[in-house]
Each structure stands twice: as C-alpha cells, then as structure tokens.
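What follows is a short report on a single structure.
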Amino acid sequence: MKEHIIVISIIAIILSIVAIYNPHSIEQLPWDSSLKFEKNITPYIVVMIVSIICYSTIFTFINATGLQDTSAHKETTKGTILNIEYSTIRVNNSPRFKVTAKYGDTVNSFDYLDESVQFHFQIGDTIIINYNPDNIKDASIDLQASIENKGQEIESNAKFKILEVTPKFSEQESLYEITGEVHSSNTPARKAIIQEVLSDQQIQRMIPGSILPCLIEGEEGNLRISI
3 MKEHIIVISI
13 IAIILSIVAI
23 YNPHSIEQLP
33 WDSSLKFEKN
43 ITPYIVVMIV
53 SIICYSTIFT
63 FINATGLQDT
73 SAHKETTKGT
83 ILNIEYSTIR
93 VNNSPRFKVT
103 AKYGDTVNSF
113 DYLDESVQFH
123 FQIGDTIIIN
133 YNPDNIKDAS
143 IDLQASIENK
153 GQEIESNAKF
163 KILEVTPKFS
173 EQESLYEITG
183 EVHSSNTPAR
193 KAIIQEVLSD
203 QQIQRMIPGS
213 ILPCLIEGEE
223 GNLRISI
C-alpha cells in the first residue's frame with residue numbers, strides 16, 4: 003500500500019505542474035458544449051496516458067531500488083527456484099534478475115532482484131519467501147535469509163577460498179579447474195586444486211575471492227574436498 007500512495011502522490015504532483023504551466027489545456031473542463039467531441043475528450047485522454055506512463059515508470063523504479071513496502075509480508079515459508087533469468091532493467095549499470103519459484107501450490111515470479119541471486123543460487127535451490135497471509139501471491143524473497151539458509155543446508159567442516167578458475171573444455175563436458183585455499187579449524191590453511199564439471203549457472207558463483215563452505219573427507223595424504 004505504501005508504494006501505491008507514493009506513486010499516486012507523485013503522479014498528482016506531475017499533473018498539477020502540467021496544468022499550471024498549460025492552463026489552456028484545462029479551460030474547457032469538465033466539458034464545453036461549444037466545442038467538438040474530439041476537443042473535449044483530448045484533455046482526459048492526455049491525463050490518462052500521462053498517469054499510466056508515470057505509474058508504470060515510478061512503480062518499476064520503486065521495485066527496482068528495493069523501496070517496495072513489505073510490511074504485509076508477515077508469514078514465512080520455503081520455496082524452490084524454478085527459473086532464473088535477467089530482468090528487463092539495469093540499476094547503476096548493474097543487471098537485475100527475475101526468479102520464478104514455487105512455494106506450496108503457488109508459482110510466483112520475483113523481479114528486479116540484485117546480483118547476489120546469480121552468485122548464490124541456481125535452479126532447484128531453496129529460498130526463503132515472506133508473504134501476505136491474506137494474499138499468498140503478494141510476496142517477496144528474503145535474499146539474506148535465503149543465503150544464510152543455503153549455507154546451513156550444506157554439510158561442511160571447512161571453508162574454500164577461490165583463487166583462480168581455469169576452463170578445461172572438452173567436446174563432451176565443461177570441466178573447470180578451481181584453485182583455492184582450504185581453511186579449517188583443525189588444520190592450517192593449504193592450497194588445493196579441484197576439477198569439477200559445472201553448468202553455466204554454477205560457474206557464475208565461482209568468483210575469485212569468494213569463500214564457499216566445503217566438506218573435507220578422508221585421511222591426510224588422501225583428502226577429498228567437495229564444494
């Protein structure tokens with residue numbers, strides 16, 4: 003409700019300014035019987051077009067910059083990501099993302115999400131969704147809670163800091179060599195090289211400098227590392 007009030011208020015201000023600087027456009031309001039129908043209807047059409055354009059533009063900006071009101075989203079549930087794609091807009095020259103997810107029996111799309119989506123999630127991952135109990139489609143993704151939940155879901159006993167990612171492509175698969183440092187509470191930091199077959203979405207998360215939870219198994223000299 004809050005964002006709707008903001009949008010309507012801004013539209014009212016814009017229309018008021020237009021009317022002040024263009025008094026001739028409202029002289030015949032509400033209706034001048036001496037004029038043709040086309041002349042009488044024109045101001046109403048102009049107001050309608052300007053209102054629609056302003057509403058669409060301002061509402062998109064509010065959602066894209068994260069200013070939308072989520073106070074009604076009092077219930078929390080978990081959902082599964084069905085699709086991740088680029089949004090139709092960019093903010094400060096940075097891409098925004100659109101996520102389609104299923105929670106319960108509901109499938110919903112969440113647009114204008116920031117770049118953390120591509121770094122932390124892929125199709126099939128679990129996310130935290132806050133929603134309005136009176137309207138389950140009125141919802142938003144809690145990205146920070148989703149990231150924390152993802153870290154808790156991964157069984158790990160160490161951290162892997164990515165230093166370098168090198169593609170080792172072949173005709174059959176997209177193989178990558180990931181060089182990094184393994185840090186754990188039981189052993190000193192050590193350098194490790196992992197070779198993994200990664201999808202396009204998975205490789206977007208493998209950014210040098212990133213620290214990912216990992217699982218170390220086996221005995222000294224024959225350690226297996228999973229990230």
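Numbering-wise (the numbering used here), the sequence shown opens with residue 3 and increments by one. Don't be surprised by glycine CBs; every beta carbon is placed ideally from N, CA and C. These figures come from a predicted structure and were not determined experimentally.
For LYS76 and LEU145, I'd like the C-alpha separation in whole angstroms.
Distance between the alpha carbons of LYS76 and LEU145: 16 Å.
Given that a residue counts as buried once 16 or more other Cβ atoms are within 10 Å of its Cβ, and exposed if not, what is ASN95?
It is exposed - the Cβ of ASN95 has fewer than 16 other Cβ atoms within 10 Å.
Is the CB-CB distance between ILE86 and PHE99 below 8 Å?
Cβ atoms of ILE86 and PHE99: closer than 8 Å.
Just checking, does the region 122-141 make contact with the region 211-219 on the three C-beta pairs under 8 Å criterion?
No: the two stretches stay apart, fewer than three of their Cβ pairs being nearer than 8 Å.
Rounded to whole angstroms, what is the Cα-Cα separation between LEU115 and HIS122?
If I take the Cα positions, the gap works out to 12 Å.
Report the start-end ranges of each beta strand (DSSP E) in the region 115-159 that is 3 residues or longer and not cut off at the edges.
Whole beta strand (DSSP E) segments, 3+ residues: 128-134, 137-143.
Using beta-carbon positions only, say whether LEU84 and VAL49 come within less than 8 Å of one another.
It is not a contact, given that the beta carbons lie outside the stated cut-off.
Using 10 angstroms around the beta-carbon of ALA103, count the other beta-carbons present and answer buried if the total reaches 16, otherwise exposed.
Buried, because 16 or more other Cβ atoms sit within 10 Å of the Cβ of ALA103.
Spell out the partners DSSP gives LYS193 in its beta bridges.
GLU183.
According to DSSP, simplified to helix, strand and coil, what is PRO97?
In this structure, PRO97 counts as strand in the three-state DSSP scheme.
Taking Cβ to Cβ, would you say ALA160 is nearer than 8 Å to SER142?
Cβ atoms of ALA160 and SER142: not closer than 8 Å.
Can you check which of these residues, THR181, ARG226, SER148, is closest to LEU165 by C-alpha distance?
The shortest C-alpha separation from LEU165 is found at THR181.
For SER148, tell me which candidate among GLY81, TYR88, ASP107, GLY211 has the shortest Cα-Cα distance.
The shortest Cα separation from SER148 among GLY81, TYR88, ASP107, GLY211 belongs to GLY81.
Quick one: residues in its chain with C-beta nearer than 8 Å to the C-beta of GLY220, no 5 flanking neighbours on either side, listed in chain order?
Cβ within range, chain order: ARG226.
With distance defined between alpha-carbon atoms, name the residue in LYS163, SER158, SER53 nearest to PRO210.
The shortest Cα separation from PRO210 among LYS163, SER158, SER53 belongs to LYS163.
Skipping 5 residues on each side, what residues in its chain have a beta carbon closer than 6 Å to that of ASP127?
Same-chain partners within the cutoff: ILE83.
What does a CB cutoff of less than 6 Å around ALA74 pick up in its chain, not counting 5 residues either side in sequence?
So the qualifying residues of the chain are ASN134.
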